[in-house]
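Notes follow once the structure below has been shown.
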Amino acid sequence: MEQPACGAMHPRAGVPIHYSTHGTNRHERVGGNRVASYILRRLIATIPVMLLVATGVFLLLKLTPGDPAGILLGPDASEERRLELREELGLNDSIIEQYVTWLGNAAKGDLGDSIFLNQSVTSSLVERAEPTLMLTFFSTLVALVVGLPLGIYAARKRGSWFDAGAMAIAIVGISMPTFWLGLNLILIFAVKLRMLPVAGYASLSDGLWESLRYIILPAVTLGVAQAALLARMTRSMMLEVLSSDYVRTARAKGVGEYRVVMAHAFRNALMPILNVVGLTIAALLGGAVVTEQIFNIPGIGRLLIQAVGRRDVPLVQGTVLVIATVYVVVNLVVDILAAALDPRIRRG
Amino acid sequence: MHTSGSSRSLILPRKMNRRSALKGAAALGAAAGAGLPFSRLTFPAAAQEELAEGGVLKIAIVGEPPAVLDSQFSTATVTNNLSQQVFEGLFTFDAAFNPQPMLVEDYEMSDDGLTYTFKLRSGIQFHDGSEMVAEDVVASLNRWGEINGRGKLVYGRMASIEATDPQTVTMTFNEPTGVLLSFLARAEAFVMPAAIAEAAGTDQLGEDQFIGTGPFRFVEHQVDQYLKVARFDDYTPRDEEPDGMSGRRIAYVDEIDFIPVPDESVRANGVIAGEYHFGDPLPPDFYDMIESDPSLTPIVVKPYYWYAPVFNKQQGLFTDQNMRKAVQLAFSQSEALKAGFGRDELIRADPSVCGEETAWYSTAGADAYDQPDPEQAQALLQEAGYNGETIRWITTHEYAYNFKIADFVKQQLEGIGMTVELVVSDWATVVQNRSDPEAYEIFLTGFSQYAHPATQPFNDAAWPGFWESEAKDQAISDMMAASDDESLKSAIDAYTETLWEEMPLVKVGDNFVLRAHRNEMKGFDNFPDWFFWNVGLE
Numbered sequence: 629m630e631q632p633a634c635g636a637m638h639p640r641a642g643v644p645i646h647y648s649t650h651g652t653n654r655h656e657r658v659g660g661n662r663v664a665s666y667i668l669r670r671l672i673a674t675i676p677v678m679l680l681v682a683t684g685v686f687l688l689l690k691l692t693p694g695d696p697a698g699i700l701l702g703p704d705a706s707e708e709r710r711l712e713l714r715e716e717l718g719l720n721d722s723i724i725e726q727y728v729t730w731l732g733n734a735a736k737g738d739l740g741d742s743i744f745l746n747q748s749v750t751s752s753l754v755e756r757a758e759p760t761l762m763l764t765f766f767s768t769l770v771a772l773v774v775g776l777p778l779g780i781y782a783a784r785k786r787g788s789w790f791d792a793g794a795m796a797i798a799i800v801g802i803s804m805p806t807f808w809l810g811l812n813l814i815l816i817f818a819v820k821l822r823m824l825p826v827a828g829y830a831s832l833s834d835g836l837w838e839s840l841r842y843i844i845l846p847a848v849t850l851g852v853a854q855a856a857l858l859a860r861m862t863r864s865m866m867l868e869v870l871s872s873d874y875v876r877t878a879r880a881k882g883v884g885e886y887r888v889v890m891a892h893a894f895r896n897a898l899m900p901i902l903n904v905v906g907l908t909i910a911a912l913l914g915g916a917v918v919t920e921q922i923f924n925i926p927g928i929g930r931l932l933i934q935a936v937g938r939r940d941v942p943l944v945q946g947t948v949l950v951i952a953t954v955y956v957v958v959n960l961v962v963d964i965l966a967a968a969l970d971p972r973i974r975r976g
Numbered sequence: 011m012h013t014s015g016s017s018r019s020l021i022l023p024r025k026m027n028r029r030s031a032l033k034g035a036a037a038l039g040a041a042a043g044a045g046l047p048f049s050r051l052t053f054p055a056a057a058q059e060e061l062a063e064g065g066v067l068k069i070a071i072v073g074e075p076p077a078v079l080d081s082q083f084s085t086a087t088v089t090n091n092l093s094q095q096v097f098e099g100l101f102t103f104d105a106a107f108n109p110q111p112m113l114v115e116d117y118e119m120s121d122d123g124l125t126y127t128f129k130l131r132s133g134i135q136f137h138d139g140s141e142m143v144a145e146d147v148v149a150s151l152n153r154w155g156e157i158n159g160r161g162k163l164v165y166g167r168m169a170s171i172e173a174t175d176p177q178t179v180t181m182t183f184n185e186p187t188g189v190l191l192s193f194l195a196r197a198e199a200f201v202m203p204a205a206i207a208e209a210a211g212t213d214q215l216g217e218d219q220f221i222g223t224g225p226f227r228f229v230e231h232q233v234d235q236y237l238k239v240a241r242f243d244d245y246t247p248r249d250e251e252p253d254g255m256s257g258r259r260i261a262y263v264d265e266i267d268f269i270p271v272p273d274e275s276v277r278a279n280g281v282i283a284g285e286y287h288f289g290d291p292l293p294p295d296f297y298d299m300i301e302s303d304p305s306l307t308p309i310v311v312k313p314y315y316w317y318a319p320v321f322n323k324q325q326g327l328f329t330d331q332n333m334r335k336a337v338q339l340a341f342s343q344s345e346a347l348k349a350g351f352g353r354d355e356l357i358r359a360d361p362s363v364c365g366e367e368t369a370w371y372s373t374a375g376a377d378a379y380d381q382p383d384p385e386q387a388q389a390l391l392q393e394a395g396y397n398g399e400t401i402r403w404i405t406t407h408e409y410a411y412n413f414k415i416a417d418f419v420k421q422q423l424e425g426i427g428m429t430v431e432l433v434v435s436d437w438a439t440v441v442q443n444r445s446d447p448e449a450y451e452i453f454l455t456g457f458s459q460y461a462h463p464a465t466q467p468f469n470d471a472a473w474p475g476f477w478e479s480e481a482k483d484q485a486i487s488d489m490m491a492a493s494d495d496e497s498l499k500s501a502i503d504a505y506t507e508t509l510w511e512e513m514p515l516v517k518v519g520d521n522f523v524l525r526a527h528r529n530e531m532k533g534f535d536n537f538p539d540w541f542f543w544n545v546g547l548e
């Protein structure tokens, strides 16, 4: 029997043996230690990454013209008052002085205060976390519920009308600009049919249904493009796996088609799909700027884009730092999940 | 040429009482009947209609207000408008932009015009239950004089301010300051408890410091989500009929939720779909849709803003007055206005610094407005020795009108042989660069049409554009001092003539903002600075 591309086969049912993870032995304990040390190494490696990100953003913002004092004081403010406020806010200190102060405070966990919002950066971010998490969760749910079955079934029915139709729809889904889709969904479901709110956000504390009413349209807006991407990705991976030797062997042994597709092919196609989903989630947690803006969701993305427009440097710095951390952590989680799924990774 | 647009009083009578206020309201009613240019003028409605009490008003606003409710700290329009729901000052404006008493019961000005004595209304409560006294007024105005541009101007002329007794405030000036009441009528000159004013100093007020005397009290603020105010049950309204922002104020609704909605299409869709009762400002593209919807009332806000390319007069080509005049003659201002804003309902070609709805309207010396003369412009260029040097016009796509007008005028200037480069960036960059005289020759921005002309930011020689002029300074000084209608009118005419003679900027024209409210919202008075007392829900 030909060795399968993704690992040894179970001798009886053609199941790749790397899914048998129960039971412990010395080999797995060593593997576990390796994973722990790998996680630790990855976490340590994030420090210079974040330092670089923070420095880059700080310099970029400082080199970009724009005065937060002028924006805060409004159009009728006198030049004298603007200059006074710049002094009060420490904006006249040298760039190095400002950077060192910020870095020193950040190292102590203090991200400073937003110039415009008159509250700490940490509070601003904490307030925005729930809307962004909700949007991420539900748009990913839309993507998974729509994208995965579509991709799997299209692969299973390769060359059929369903396959061609599903992939054509997927191309449209990927190509459709988010703002265009969002505005049209608002027009149809909120303005014309009055089924859902135009925009805004209701917290979970206002009740699950109330919260869902507000999140449905933005989640669909974001989820459509992800679902389309996922459908194409899943189809492509499934086609590759379905043509592999161990699937043919499983079929030859009389394993049912459903089990062949779901237990053998899909699980092996999962790894790259997991990577795509992980990266998408990381990007969404960093804020879906356009969607949050169109649907007036007070999330991280809207916070960041407004802070850039207002040249609110401490807020931009803090937000970017948190987004960078989210990226690193999500990537790490994806890698750990990958290790759990693939013994070659787990065993180093 | 017509030089003054209004027969209304420029200066409030020296001594104001209820009878004169009522007379003013009656005169206003007559003016409204005669067709004052407010669109769907609604201000008498509150007086005539019985409004129901209760309900929650939902108001979509342009975005998160800088400094939230502290309009002494930030001059942003949205902050100003929110602030006046909660805070009140000694005076406020009537529908013709004349100052009228608010927290003042009565006042007197000395014969030499140097001393003002303000008798405060008694029994006025702050939202924390304490009673407003003269010390609160003094402390609040001291903060205003320290951190606010207009406050600084007043305090620069002031010898002393004191609480002569718990109900009396006396201000003494080094020189006549007739403009005082107009400045005190602005929302930013609000009164708060003395302890709060002193504790805040030059810092922004914190949310626990939003304690005013207004018909609504501050309840809660969730950044980027909402700002809630609720009816202040112990509010004591004035007796006079409502007139603009003056007169009787009654909070009919239980609560108002101000919701920041930065995307203007979402604001408009939200009003159409019934999620917000009122939205401001709305995109002009929605005008027809709103007008054809029987459940909505479109509102065109007159006066609002006017727009002008401003020249860098500190260095470079436009230090020469002939160059500035050449630009003005090179293009049609009304066509540039149309190019920038489109709809006829939302624009007005007019040369005055203040709208014709105000008492400060003047077109003195503005004969050249909208009279393009390319040949004369070319002659002026020649006289100035212009030799094809590049003119850098800093502009932005962030506000569509800004780029559209710049692009239109660029083509006209090129038509008379000028070389113009549009330097496009985001608005924050334009704001930064316009303060740097090395960075540009022209930028374009907007100015309030209903602000006292002495308070226009471009009057300040340190403000971008850097207009230094003895004639201008003299005219402003005269405006600040004027304590009767005639001298104020004469000073405003002199100021306007100087503006057209020295041409620090070229007024393109007026643009009016579009708002809309749902028809279940009753009693709304169309005033540039919106307010929601005397407004009820059906």
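From first to last, the protein sequence lines stand for chains A and B. Under the numbering used here, the first residue of the first sequence carries the number 629, and numbering increases by one thereafter. Under the numbering used here, the first residue of the second sequence carries the number 11, and numbering increases by one thereafter. We put the beta carbon where it would ideally sit given N, CA and C, even for glycine. Remember, predicted model here, so these are calculated numbers, not experimental data.
query: Cβ-heavy atom distance, alanine 149(B) to the ligand FAD, below 7 angstroms; result: Here there are no bound small molecules, and the ligand FAD is not part of this structure.
query: Cα-Cα separation, arginine 259(B) to arginine 248(B); result: 7 angstroms
query: Residue nearest to glutamine 854(A) in terms of C-alpha spacing, selected from Phe766(A), Ser872(A), Leu753(A); result: Phe766(A)
query: Proximity test, Cβ basis, 8 angstroms: proline 805(A) and chain B; result: no
query: Start and end residues, beta strand (DSSP E) containing serine 458(B); result: 452-458
query: Contacting positions in the region 438-457 of chain B - beta carbon closer than 7 angstroms to chain A; result: Ala438, Thr439, Val441, Gln442, Asn443
query: Where tyrosine 236(B) sits in the DSSP three-state scheme; result: strand
query: Beta-carbon separation (whole angstroms), leucine 902(A) vs methionine 678(A), contact threshold 8 angstroms; result: Their Cβ separation, rounded to whole angstroms, is 24 angstroms, which puts leucine 902(A) and methionine 678(A) out of contact at 8 angstroms.
query: Residues within the region 280-297 of chain B neighbouring chain A, beta-carbon criterion of under 7 angstroms; result: Gly280, Ile282, Ala283, Glu285
query: Inter-residue spacing [alpha-carbon to alpha-carbon] between phenylalanine 242(B) and isoleucine 266(B); result: 12 angstroms
query: Short CB-CB distance (under 8 angstroms) between tyrosine 829(A) and chain B; result: yes
query: 4-residue-minimum alpha helix (DSSP H) runs that sit fully inside the region 713-799 of chain A, ordered along the chain; result: 723-735, 749-784
query: 8 angstroms contact criterion, which alanine 893(A) and leucine 870(A) should meet: CB distance rounded; result: 5 angstroms
query: Rounded straight-line distance, which links the Cα of lysine 335(B) to that of glutamate 145(B); result: 51 angstroms
query: Straight-line gap, threonine 180(B) to threonine 174(B) (C-alpha atoms, nearest Å); result: 7 angstroms
query: N- and C-terminal bounds of the alpha helix (DSSP H) containing threonine 212(B); result: Premise fails: threonine 212(B) is in no alpha helix (DSSP H) and is neither H nor E.
query: Valine 233(B) versus leucine 745(A) - alpha carbon distance; result: 8 angstroms
query: C-alpha distance - alanine 62(B) paired with alanine 240(B), whole-angstrom precision; result: 16 angstroms
query: Own chain residues within Cβ distance below 7 angstroms of isoleucine 723(A), not counting five before or after; result: Lys690
query: With 16 other Cβ atoms within 10 Å as the buried cut-off, status of valine 201(B); result: buried
query: Alpha carbon of valine 728(A) to alpha carbon of proline 313(B), nearest angstrom; result: 49 angstroms
query: In DSSP terms, what tryptophan 403(B) is bridged to; result: Leu432(B), Ile452(B)
query: Beta-carbon proximity of valine 276(B) to valine 749(A), cut-off 8 angstroms; result: no
query: Interface flag, alanine 757(A) vs chain D, CB-CB below 8 angstroms; result: No chain D is present in this structure, whose protein chains are A and B.
query: At least three beta-carbon pairs within less than 8 angstroms, the region 828-848 of chain A to the region 791-798 of chain A; result: no
query: Neighbour-count burial assignment, proline 551(B), 16 or more Cβ in a 10 Å radius; result: Any answer about residue 551(B) is impossible in this case: the structure gives chain B only from 11 up to 548.
query: At least three beta-carbon pairs within less than 8 angstroms, the region 536-548 of chain B to the region 375-390 of chain B; result: no
query: 8 angstroms Cβ cutoff met for tyrosine 317(B) and leucine 454(B); result: yes
query: Check whether glutamine 94(B) and phenylalanine 541(B) have beta carbons under 8 angstroms apart; result: yes
query: With 16 other Cβ atoms within 10 Å as the buried cut-off, status of alanine 492(B); result: buried
query: is_contact[tryptophan 543(B), chain A] using C-beta, thresh 8 angstroms; result: no
query: Chain B contacts from the region 692-725 of chain A (Cβ-Cβ distance under 8 angstroms); result: Thr692, Pro693, Gly694, Asp695, Gly698, Ile699, Leu700, Leu701, Gly702, Pro703, Asp704, Ala705, Ser706, Glu707, Glu708, Arg709, Glu712, Glu716
query: Segment contact flag, the region 520-535 of chain B with the region 291-300 of chain B, C-beta cutoff 8 angstroms, min 3 pairs; result: yes
query: Touching by the beta-carbon criterion (3+ pairs, under 8 angstroms), the region 192-201 of chain B and the region 73-92 of chain B; result: yes
query: Through-space distance from serine 742(A) to glycine 8(B), alpha-carbon basis; result: Residue 8(B) is absent from the structure shown; chain B starts at 11 and stops at 548.
query: Cβ of arginine 930(A) within 8 angstroms of any chain B Cβ; result: yes
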